[in-house]
Amino acid sequence: MTPAALTLSEDKMADPKEPDFSDVESGSSSTAPPPATSGGRTYTVVKGDSLSKIAKQFYGSAGQWKKIYEANQDSIKNPDLIYPGQTFRIPDA
Amino acid sequence: MVVYRRSWSTLALGLALVMAPACKKKTETGAAAPDTTAAAPAPAAAPFSVQGVEVGKQVGSDKRVTAASTTFGPKDTIYASVATDGAAPSKTIAAKWTFGTGKLVKADSQTIAPTGPAATEFHISKPSGWPVGKYKVEISVDGSPAGSKDFEVKK
Numbered sequence: 525m526t527p528a529a530l531t532l533s534e535d536k537m538a539d540p541k542e543p544d545f546s547d548v549e550s551g552s553s554s555t556a557p558p559p560a561t562s563g564g565r566t567y568t569v570v571k572g573d574s575l576s577k578i579a580k581q582f583y584g585s586a587g588q589w590k591k592i593y594e595a596n597q598d599s600i601k602n603p604d605l606i607y608p609g610q611t612f613r614i615p616d617a
Numbered sequence: 346m347v348v349y350r351r352s353w354s355t356l357a358l359g360l361a362l363v364m365a366p367a368c369k370k371k372t373e374t375g376a377a378a379p380d381t382t383a384a385a386p387a388p389a390a391a392p393f394s395v396q397g398v399e400v401g402k403q404v405g406s407d408k409r410v411t412a413a414s415t416t417f418g419p420k421d422t423i424y425a426s427v428a429t430d431g432a433a434p435s436k437t438i439a440a441k442w443t444f445g446t447g448k449l450v451k452a453d454s455q456t457i458a459p460t461g462p463a464a465t466e467f468h469i470s471k472p473s474g475w476p477v478g479k480y481k482v483e484i485s486v487d488g489s490p491a492g493s494k495d496f497e498v499k500k
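Those protein sequence lines, which keep their order, are chains A and B. If you read the first sequence in our numbering, its first letter stands for residue 525, the second for the next number, and so on. If you read the second sequence in our numbering, its first letter stands for residue 346, the second for the next number, and so on.
Here it is as structure tokens:
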């Protein structure tokens, strides 16, 4: 009869060669800003609108139209051409 | 009987003057009537792309590795810097650090909204010291592989 104390199952046998990374610390940062929050503002284009007009409305400056364009490049192919019904994300100022 | 001899050139000129307005080029009537006070439209923005991956012992304030290195000591903090270009509303950059044949060391990710050239750094450290051997850091963007670097820890 084999003493139980002398019998070790394989999963309890420590492998001295297996490295332990449980104490690794990590982090990250970026020069790029994080995305606008999902609850951010949106705007639906109506007839007569332009990016500069929308920028004037939200930012007080027509020159901020580029901010809206860059936040919606997936739907704005030409910044001179937008259509009624399009919905754009409006980044925070 | 009176015969009126029309001058065909005069008639043609008259027709031209009458038809000219009707032939005017149609202008766009989309909603985006250009605002004459707006800034000139920007050139097409560059699509988002990863420009390169570097590893080293420290990064500068620009999040780029100050001196690239592929050899580290057991007590070094290891940095990986990912240079990107282009704009995107949201991109998730992930770094997966592995040891040897693929044992996971650490995995991290950072979601960004770049508007142009940018750099994102990831770093790892181990208070008890890194095991000697070969490592790899694999970078992905939105789940797609975007580059990797091999490095080694030596005593």
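All C-beta atoms, glycine included, are put in the ideal place defined by N, C-alpha and C. Predicted model, so just to flag it, every value in this text is computed and none were measured.
Neighbour flag for residue i against chain B, beta carbons, 8 Å
i	result
Thr566/A	no
Val547/A	Going by the sequence as given, residue 547/A is Asp instead of Val. Cβ-Cβ to chain B under 8 Å: yes for Asp547/A.
Asp598/A	yes
Thr555/A	yes
Gly584/A	no
Identified DSSP bridge partners for residue i
i	result
Ile469/B	Ser550/A and Ile423/B
Lys577/A	According to DSSP, which records beta bridges pairwise, Lys577/A is partnered with nothing at all.
Val333/B	The structure shown does not extend to residue 333/B, since chain B is modelled only from 346 to 500, so the question has no answer here.
Leu449/B	Thr443/B
Gln455/B	Ile438/B
Ala413/B	Gly401/B
Val482/B	Trp442/B and Lys494/B
Tyr567/A	Phe612/A
Ala464/B	Ala428/B
Interface flag, residue i vs chain A, CB-CB below 8 Å
i	result
Ala413/B	no
Val450/B	yes
Ser489/B	no
Asp407/B	yes
Gln396/B	no
Pro472/B	yes
Asp453/B	yes
Ile484/B	no
Pro476/B	yes
Glu342/B	Residue numbering for chain B in the displayed model covers 346 to 500; residue 342/B lies beyond these limits and cannot be assessed.
Ser493/B	no
Thr456/B	yes
Pro459/B	yes
Phe444/B	yes
Ala432/B	yes
Ala463/B	yes
Buried versus exposed, by CB contacts within 10 Å (16 or more), residue i
i	result
Lys441/B	buried
Leu449/B	exposed
Pro459/B	buried
Asn602/A	exposed
Tyr607/A	exposed
Thr429/B	buried
Glu594/A	buried
Pro557/A	exposed
Ser553/A	exposed
Close beta carbons around residue i, own chain, < 7 Å, minus the five adjacent residues each side
i	result
Lys479/B	Gly445, Asp495 and Glu497
Lys369/B	Confidence at Lys369/B is low in this model, with a pLDDT of 46, below 50, so the placement of that residue should be treated as unreliable; the coordinate-derived value is given next. Cβ within range, chain order: n/a, list empty.
Ala391/B	Asp430 and Gly431
Lys408/B	Ser426, Ala464, Thr465 and Glu466
Nonlocal neighbours in the same chain, by C-beta distance under 6 Å from residue i, ignoring five residues either side
i	result
Gly418/B	none
Val404/B	Val410, Tyr424, Ser426 and Glu466
Phe582/A	Ile614
Thr437/B	Ser454, Thr456 and Asp487
Val400/B	Ala425, Lys494 and Phe496
Ala439/B	Ser454 and Ser485
Gly397/B	Ala428
Cut-off 8 Å between Cβ atoms - residues of its own chain near residue i, not counting five sequence neighbours on either side
i	result
Ser576/A	Ala586, Gly587 and Trp589
Phe545/A	none
Asp380/B	Since pLDDT at Asp380/B reaches only 48, below the 50 mark, its modelled position is unreliable, and no value is offered.
Thr382/B	Since pLDDT at Thr382/B reaches only 41, below the 50 mark, its modelled position is unreliable, and no value is offered.
Lys500/B	Gly418, Pro419 and Val477
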